[in-house]
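J.:
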Amino acid sequence: MRPTTQAISSAKTSQNQLPAVFRRINKLYGRPDLFWAGVETVLDYGGGKYDKLTEVLAEQGVQNLIYDPFNRSADHNNLVRELVTTRPASCGICSNVLNVIKEPAVRREILANLKRWVEPGGYVFFTFYEGDKTSRGKRTSKGWQANRPSKSYLREVKRSFYASYLGSEKMILAEVT
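Under our numbering, the first residue of the sequence shown carries the number -12, and numbering increases by one thereafter.
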């Protein structure tokens, strides 16, 4: 399958910080040590060029595999793709990714990859930067921003997963079936 291309690059949207999704997951489970103890690998789809999450997950004994076509080399991404194709990840994270992609076909491809590369019964956690929440997408100095409320992505995610919107965390929790 030939990958769909984005008209506007997501390369400049990468930030050197621990993604909020990690704190949200920990808050959601109350005992994050127990949650992470059951996770062997995380597929961090669109995880950017920085390794903060990888370092924190390593402290929990979890391997983080970052797949990011804009911020990692082709060799790196090919290796991650090979690893998760051979043995799917225990869970996935897609944090502030779908909201920086204008093309619905690219978002569908990301969702299909996550479903294929995370093991059945595993979870994928989606978070979104909501911008001004007007749902009027626009080009920014760093790329594209959809400006959509987090909950508005639920229908899109549900096309690929059994999913629920967790309003208190502004996060979508999806199960791979």
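Just so it is clear, CB atoms sit at the ideal spot from N, CA and C, and this is done for glycine as well. Note that the structure is predicted; figures quoted are calculated from it, not measured.
Within its chain, find whatever has a CB closer than 8 Å to the CB of Ala7; leave out the 5 residues flanking it on each side and keep chain order.
T.: Correct list, in chain order: Ser82 and Thr114.
J.: Distance check for Gly154 and Leu21, CA to CA, integer angstroms please.
T.: Spanning the two alpha carbons is a distance of roughly 23 Å.
J.: Under a Cβ-count criterion, where at least 16 other Cβ atoms within 10 Å of its own Cβ denotes burial, should Glu46 be classed as buried or exposed?
T.: Classification of Glu46: exposed, given that the 10 Å Cβ count is below 16.
J.: Measuring CB to CB, does Asn64 end up less than 8 Å from Pro56?
T.: Contact flag set, yes.
J.: In its own chain, which residues sit with a C-beta less than 7 Å from the C-beta of Phe9, not counting the 5 before and 5 after it?
T.: Counting only Cβ-Cβ distances below 7 Å, and skipping sequence neighbours, we find Leu40 and Val43.
J.: Is the stretch 118 to 131 touching the stretch 15 to 33, taking contact as three or more C-beta pairs under 8 Å?
T.: Not touching, per the Cβ criterion.
J.: Secondary structure at Leu15, three-state DSSP: helix, strand or coil?
T.: Of the three classes helix, strand and coil, the one that applies to Leu15 here is helix, per DSSP.
J.: Relative to the C-alpha of Ser(-3), which residue among Leu5, Trp23, Arg18 and Lys36 is closest?
T.: If we check each option's Cα against that of Ser(-3), Lys36 comes out closest.
J.: Which whole runs of the beta strand (DSSP E) in the stretch 33 to 111 are 3 residues long or more, in chain order?
T.: You should have 50 to 54 and 78 to 82.
J.: What whole-angstrom Cβ distance do Glu143 and Arg94 have, given they're in contact under 8 Å?
T.: Contact holds; Cβ gap of about 6 Å.
J.: Give the secondary structure of Glu162 by DSSP, where H, G and I count as helix, E and B as strand, and everything else as coil.
T.: Note: Glu162 maps to strand in three-state DSSP.
J.: Give every residue of the same chain whose Cβ lies closer than 6 Å to the Cβ of Lys77, excluding the five residues on either side of it in the sequence, and list them in chain order.
T.: It is worth fixing the name first, because residue 77 is Ser in this sequence and not Lys. Hits under 6 Å: Val26, Glu27, Thr28 and Gly109.
J.: If you reduce the DSSP assignment to three classes, tell me which class Lys125 lands in.
T.: If DSSP states are grouped into helix, strand and coil, Lys125 belongs with the strands.
J.: Determine the contact status of Asp31 and Leu15, defining contact as a CB-CB distance below 8 Å.
T.: No, the pair does not count as a contact, with Cβ atoms beyond the cut-off.
J.: Pull up the distance between the alpha-carbon of Ala92 and that of Thr72, whole angstroms please.
T.: Cα to Cα, Ala92 sits roughly 21 Å from Thr72.
J.: Can you round the beta-carbon distance between Arg11 and Glu156 to whole angstroms, since I take them to be within the 8 Å contact cut?
T.: Sure, about 4 Å apart at Cβ, within 8 Å.
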